[in-house]
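If you're matching positions, the sequence shown starts at 1 in this note's numbering and goes up one per residue.
Everything below concerns the one structure shown next.
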Amino acid sequence: MNFEFTEDQVMIQQSAREFAEAEIAPSAVERDIKAEFPYDIIKKLGEQGFLGMMVSPEYGGAGFDTISYVLAMIEISKVDASVGVILSVNNSLVCWGLEKYGSEYLKQNYLTKLASGEKLGAFALSEPEAGSDATNQHTVAEKDGDHYIINGIKNWITNGTTADYTLVMTQTDREKAHKGITCFLVERGTPGFESAKKEDKLGIRSSDTCSLTFTNCRVPKENIVWEEGKGFNFAMNTLNGGRIGIASQALGIAEASLEASKKYAKQRKAFGTEIANHQAIQFKIADMAVKLEAAKMLTFQAAALKDAGKNYTKESAMAKLYASKIAVENALEAIQVHGGYGYVREYLVERYLRDAKITEIYEGTSEIQKIVIARSLLSGN
Ligand code: CAA
1 MNFEFTEDQV MIQQSAREFA EAEIAPSAVE RDIKAEFPYD IIKKLGEQGF LGMMVSPEYG
61 GAGFDTISYV LAMIEISKVD ASVGVILSVN NSLVCWGLEK YGSEYLKQNY LTKLASGEKL
121 GAFALSEPEA GSDATNQHTV AEKDGDHYII NGIKNWITNG TTADYTLVMT QTDREKAHKG
181 ITCFLVERGT PGFESAKKED KLGIRSSDTC SLTFTNCRVP KENIVWEEGK GFNFAMNTLN
241 GGRIGIASQA LGIAEASLEA SKKYAKQRKA FGTEIANHQA IQFKIADMAV KLEAAKMLTF
301 QAAALKDAGK NYTKESAMAK LYASKIAVEN ALEAIQVHGG YGYVREYLVE RYLRDAKITE
361 IYEGTSEIQK IVIARSLLSG N
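Dropping the structure here:
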């Protein structure tokens, strides 16, 4: 196993770090308070290739590997996990899925714009009654000549109010259960497609999350991704990569928590010395660092398997399960290290905790990750 990053990977990490510090950090606190979407930042990230990181240059992407993507996601999420999730959804759930399973028509007409950052994407699987139980799709698409008519509601959609193109899972043949689920690319502005108001969230407040409604929404058959009946497999295969993105987002939060704790411990004095000299604080810092490294190893392992073209279902679930858990733990410990100051906005660590919690919920809860891991182990993989 090689633990060295290539020169290219280090360069991408460095440019993500510089961008995050110069362009994202200055507005992060205010955007969190006001729950403001970072339009300008996303536009600039697109211009620098961060919205289509793993898409081949042929389709307007940067052509980077998954390891580079993880490194960039960590740097960006370290500064602002809201920007992290916007990138993760566009890169892993939308662009990757379209390049892997989309027709040449979809790639030329939509993927090129998503990968270059000209347009933004969303992924709509969850519904009011289909969260963890994702096969229980109630959104229907009925064939009508060369079109399909979509009716239904989607919930908790990241980039929901801002995305130009949304990948929507629908039931096209209820008799076939999950084998009757089909994915469509739906353009914003298609009559009958509306997004509701943004959810008022605990964390990742600068990202936008909302419900979508489809009322007799006509979509051409060319907009089917992969083929009719393959929508559930599409969603599951795509989510495996999405989970690497969310693990990386969690790593960013966990690392930011550790960095903030180290800095504060060297400044703050108690009992006549910097608190960094007290074992109680040293133990916390050591524990946070060990957990972070272990979670990084799991995430890089999943990314390396993906880059090698091997199966990474179990490994991506493990990475997300553990990285999200330690992101919450590290954020909690960072607050403890900061004492009362950790509980107020000024020191940022309270946001790390609010942002960390969602990583244990979206793109498959921790409980779902355990099911994926256990089923994989029990089936001999
Ligand atoms: N990778 C590839 N295929 C998978 C898979 C995975 N991780 N998990 C399941 N599948 C496949 C199975 O192999 C099976 O395929 P075939 O029928 O072709 O053999 C098919 O999916 C159905 O699987 P199961 O019979 O195991 O179905 P189930 O209902 O018992 O369980 C589940 C499936 C694993 C619980 C699944 O429903 C699941 O992952 N649920 C969580 C959904 C999720 O992550 N939602 C997040 C939505 S995105 C989001 O959060 C919003 C956002 O904007 C960020």
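Note that CB positions come from ideal geometry on N, CA and C, so glycine has one too.
- Note that the C-beta distance between ARG218 and ASP32 is not below 7 Å.
- One Cα belongs to ALA270, the other to VAL372, and the distance between them is close to 46 Å.
- Listed in chain order, the beta strand (DSSP E) elements of length 3 or more contained wholly in the stretch 140-224 are 140-144, 147-158, 165-171, 181-187, 193-195, 209-220.
- When distances are taken from the beta-carbon of ILE150 to the heavy atoms of ligand 1, even the shortest one reaches 6 Å or more.
- Within the same chain, Cβ atoms closer than 8 Å to the Cβ of SER68 are found at ASP8, GLN9, ILE12, GLN13, MET53, the five residues on either side in sequence being excluded.
- In this structure ALA317 is in contact with GLN369, their Cβ atoms being roughly 4 Å apart against a cut-off of 8 Å.
- A distance criterion of 6 Å places the beta-carbon of ALA163 beyond contact range of ligand 1, judged by its closest non-hydrogen atom.
- Boundaries of the alpha helix (DSSP H) around PHE283: 279-307.
- Between THR190 and ASN151 the beta-carbon gap is near 13 Å, outside 8 Å, which marks them as no contact.
- Sorting PRO220, LYS310, LEU98 by C-alpha distance to the C-alpha of ASP144 places PRO220 at the top.
- Residue environment for ALA235: buried (at least 16 other C-beta atoms within 10 angstroms of its C-beta).
- Using a 10 angstroms sphere on the CB of GLN282, the tally of other CB atoms stays under 16, which defines it as exposed.
- In the structure shown, GLY60 falls within a coil segment according to DSSP collapsed to helix, strand and coil.
- Using a cutoff of 6 Å, the CB of GLY364 counts as near ligand 1, since one of the ligand's heavy atoms is closer than that.
- If you check the CB distance, ALA295 and LEU251 come in under 7 Å.
- 7 Å or more divides the Cβ of LEU114 from the Cβ of VAL85.
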